[in-house]
Amino acid sequence: MDRSWINLSRISDDYERGVEEFIEIAQRHGDSAKYRGKMRCPCVNCLNGRILDVDEIREHLLCDGFLKNYTTWIWHGELVETQTVTEEHRVVKSTIEDILDDMIYDVGVQTLIILSLVLLMDKVY
Ligand SMILES: [Zn+2]
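Add 612 to a position in the sequence shown, counting from 1, and you land on the number used in my numbering.
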């Protein structure tokens, strides 16, 4: 799917269409049901770390911009495209997602990543 609109000017029609397309896909495939209709905001400020209403997300994406390198929408129902994903990796990924869900509001994202890695090491070794 062409997602080059992410790099277009935010006042262009194509960018606006892209945002609507993103919202539609995210609502259909993402875990918005889990957040009672809300979802992660992929704008340059929220970085998928905040869970907001669709209207707020639309506003952020139109005013602030879409995260440039976020072209595989893994936080919105898309799988990471790699050939080497094993069952074990999937389990680890969902574990990290659960931890993120529980703690994202309490701890800074960086601390969280370190924490996730520590837990990950615990699992592997
Ligand atoms: Zn945002």
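We put the beta carbon where it would ideally sit given N, CA and C, even for glycine.
About 7 Å separates the Cβ atoms of residue 669 and residue 635, confirming a contact at the 8 Å cut-off. The Cβ-Cβ distance between residue 631 and residue 659 does not fall below 8 Å. Per the coordinates, the alpha-carbon of residue 662 lies some 24 Å from the alpha-carbon of residue 623. Secondary structure note for residue 627: its alpha helix (DSSP H) is the uninterrupted segment 625–641.
Around the beta carbon of residue 613, fewer than 16 other beta carbons sit within 10 angstroms, so the residue counts as exposed.
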